[in-house]
Amino acid sequence: MIPQTSDPNRLDDENQEIPPERLFRAFANDRRQRVVAYLAGKTAAIPIGDLAEYVAITEGQPTQERYERVLTALAHNHLPHLQDAGLVRYDALAETVECTASRSVIDPYLDLAGHAVE
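Using this note's numbering, the first residue of the sequence shown is number 131, and each one after it goes up by one.
This is the structure we're talking about:
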């Protein structure tokens with residue numbers, strides 16, 4: 131097993147913070163708010179399929195068709211947007227995603243948006 135080291139690209143209190151305007155743009159969409167709140171509560175990367183299932187359920191439409199549409203929207207729109215903002219790491223090849231921003235950075239914005247970390 132390869133030992134894990136600290137990721138220098140991970141944004142936290144000891145590294146540079148994400149500019150507020152970048153956070154506001156990322157959180158301008160309710161689905162992205164929900165995604166970040168969910169991922170911030172996880173301790174490791176999760177499969178994008180699990181995230182899509184969670185989003186479909188919380189949006190009240192847990193059908194297979196809805197799941198597939200959510201999965202596509204996450205992979206092609208929301209996750210790249212959140213990754214560009216410095217909030218998540220999305221590995222399209224492994225089909226996994228994880229929160230990379232510190233809770234101290236994102237919690238105030240999620241609180242304002244009404245999305246508590248799960």
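Beta carbons: idealized from backbone N, C-alpha and C, even for Gly.
Could you please give the first and the last residue of the uninterrupted alpha helix (DSSP H) stretch that includes V165? 160 to 170
Buried versus exposed, by CB contacts within 10 Å (16 or more), N139: Because N139 sits at a pLDDT of 42, beneath the cut-off of 50, its placement in the model cannot be relied upon, and the following sentence gives the value as read from the coordinates. Under this definition N139 is an exposed residue.
Determine, using beta-carbon pairs with one atom in the stretch 177 to 191 and one in the stretch 223 to 239, whether at least three such pairs fall under 8 Å. yes
Three-state class that DSSP yields for D137 in the structure shown: Caution is warranted here: a pLDDT of 44 is assigned to D137, below 50, making its placement in the model unreliable, and the coordinate value is therefore given only provisionally. Coil.
How is the beta strand (DSSP E) around E228 delimited, first residue to last? 226 to 229
For G171, count neighbouring Cβ atoms within 10 angstroms of its own Cβ and tell me buried if that reaches 16, exposed if not. exposed
Any idea what DSSP makes of P149, helix, strand or coil? coil
Boundaries of the alpha helix (DSSP H) in which V247 is found, first to last residue: Premise fails: V247 is in no alpha helix (DSSP H) and is neither H nor E.
Bridge partners - V218, DSSP secondary structure assignment: C229
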